[in-house]
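Structure first, then comments.
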Amino acid sequence: NIGRMQFSRQWALILMMFSEEHGRLPGPDDDLSHYDLPDQEIHGVKMTSTDLELTSATPIKEIANPAAAFIGRERNLWLTPDEGKLGRTYVFADGHTEIRTYASTDDIDRWEKQHLPQLRESQ
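This is the structure we're talking about:
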């Protein structure tokens, strides 16, 4: 899990830098290669940029709940070795990352719906 967290922190930093430079999160046609997120194996976990997916196109500055709203996640779930639960790493709009574990896919759906970005009220 340390490897997953380290890799997702690097990805979070790239998303924050891109957002700062462009005023938005990257889209599918944006070239992120100059941000250098190389494939890695950390503590036995191999991670590549294709293991991650953006889940929001909302500009970070427009998100009212950045510490509670995830903007990216691991594409695939994995099983925790000790408990046999489903696991996934998330990147939040404030730049922090979390590993969450779940007993079922219903739990995942419920948690993810509660942690979607909410827009700031326009002033």
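So the sequence shown is numbered by the working numbering: it starts at 1102 and just counts up by one. All C-beta atoms in this analysis are idealised placements derived from N, C-alpha and C, irrespective of residue type, glycine included.
Alpha helix (DSSP H) segment containing residue i, residue limits
{"i": "residue 1199", "result": "It is not in any alpha helix (DSSP H) - residue 1199 instead sits in the beta strand (DSSP E) that spans 1198-1203."}
{"i": "residue 1122", "result": "1103-1123"}
{"i": "residue 1214", "result": "1206-1215"}
Outcome for residue i when other beta-carbon atoms lying within 10 angstroms are tallied against a minimum of 16
{"i": "residue 1154", "result": "exposed"}
{"i": "residue 1139", "result": "exposed"}
Reduced DSSP secondary structure (H/G/I, E/B, other) of residue i
{"i": "residue 1222", "result": "coil"}
{"i": "residue 1181", "result": "coil"}
{"i": "residue 1162", "result": "helix"}
Cβ-Cβ distance between residue i and residue j below 7 Å
{"i": "residue 1172", "j": "residue 1150", "result": "no"}
{"i": "residue 1104", "j": "residue 1146", "result": "yes"}
Opening and closing residue of the beta strand (DSSP E) in which residue i lies
{"i": "residue 1138", "result": "Unbroken run through residue 1138: none, as it is neither H nor E."}
{"i": "residue 1147", "result": "1146-1148"}
{"i": "residue 1133", "result": "Counting along the chain, residue 1133 falls outside any beta strand (DSSP E), and DSSP gives it neither H nor E."}
{"i": "residue 1190", "result": "1187-1193"}
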